[in-house]
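Asks:
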Amino acid sequence: MSFSIICSENGEDVNLVTVKYDMGWQKRGSGRKYDSKSGVGTLIGEQTGKVVEHDLCNKKWCSYKRNPDKYRSTVSLTNLPLRKKLAEIIGEYTSGDNIEKISPCASTKEVESFHSMVANRAPKAKHLCSSSSLERRVDCTVAQKNISYGFISQVYEECGLSPGKITEKLSEKLAIKRKYQNDYKNSLVNKRRKLFRKQIIKEKETVVEMREGDTYNNLLI
Numbered sequence: 001m002s003f004s005i006i007c008s009e010n011g012e013d014v015n016l017v018t019v020k021y022d023m024g025w026q027k028r029g030s031g032r033k034y035d036s037k038s039g040v041g042t043l044i045g046e047q048t049g050k051v052v053e054h055d056l057c058n059k060k061w062c063s064y065k066r067n068p069d070k071y072r073s074t075v076s077l078t079n080l081p082l083r084k085k086l087a088e089i090i091g092e093y094t095s096g097d098n099i100e101k102i103s104p105c106a107s108t109k110e111v112e113s114f115h116s117m118v119a120n121r122a123p124k125a126k127h128l129c130s131s132s133s134l135e136r137r138v139d140c141t142v143a144q145k146n147i148s149y150g151f152i153s154q155v156y157e158e159c160g161l162s163p164g165k166i167t168e169k170l171s172e173k174l175a176i177k178r179k180y181q182n183d184y185k186n187s188l189v190n191k192r193r194k195l196f197r198k199q200i201i202k203e204k205e206t207v208v209e210m211r212e213g214d215t216y217n218n219l220l221i
């Protein structure tokens, strides 16, 4: 989801900032299937590409886990009064002012990329939602997104420790590799290669369809 926020200073509108938000739950769908109890919500700026705000929810958010004896299940979603209440809540977002904020509809590609980075540091195959390390892993991912790989050396310096020569070299190496990958993805050569591959695939599909003929059609007996 993409929406705009009006930044104001001394009561005067200064700038219209577009941010992108997405929520991702950790879920494993292959092998031993289970739904993780942790999720990450991320807010990324449209212009800067930096993580503006993020939040983490785990099993502590569940009211049943906090106090199973006093937990009461909510009404069914088929309940008509509940539907009316939900319509009132959603109606706030469909008003004129909110529609203008949500209307930019920018791509959430960067948010999905951030969630992929979170999955690398907090693998979905491991049960990390009950561990305090999950929050640290997400915070490290935010630092990597905003500052790049050199955030580890900066943390060492803030703690009064040596940044580490090997750590700095590795961070520079990873940063250079990442920059090369981004430059190549945005290069004209790569875009032409993608278009060329897409054209070849389309031509192959056309040839196969012509050789095979119609195998399914409304008028085919």
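If you count the sequence shown from 1, position 1 lands on 1 in full-length UniProt numbering, and the numbers rise without skipping.
C-beta atoms are modelled at their ideal positions from N, C-alpha and C, and glycine is treated no differently.
1. For E205 and S131, I'd like the C-alpha separation in whole angstroms.
2. Out of I147, R136, T141, R211, point me to the one whose CA is closest to A175's CA.
3. Considering only their Cβ atoms, is the gap separating Y149 from S116 smaller than 9 Å?
4. Do we get a CB-CB distance below 9 Å when we pair G49 with the residues of chain C?
5. Determine the DSSP secondary structure at C140, reduced to helix, strand or coil.
6. Starting from residue 224, trace the alpha helix (DSSP H) both ways and give me its first and last residue.
7. How far does the alpha helix (DSSP H) with K179 in it reach, from first residue to last?
8. Kindly indicate the opening and closing residues of the alpha helix (DSSP H) around P81.
9. If distances are taken between C-alpha atoms only, which option among K202, L188, K109 comes closest to I44?
10. Helix, strand or coil for T206, going by three-state DSSP, please let me know.
11. So, helix, strand or coil for S132, using DSSP?
12. Between which two residues does the alpha helix (DSSP H) carrying Y71 extend?
Replies: A quick look at the data gives this:
1. 50 Å
2. I147
3. no
4. Absent from the structure: chain C. Only one protein chain is present.
5. helix
6. Any question about residue 224 goes unanswered here, given that the chain covers just 1 to 221.
7. 165-185
8. 80-93
9. K109
10. helix
11. coil
12. It is not in any alpha helix (DSSP H) - Y71 carries neither H nor E in the DSSP assignment.
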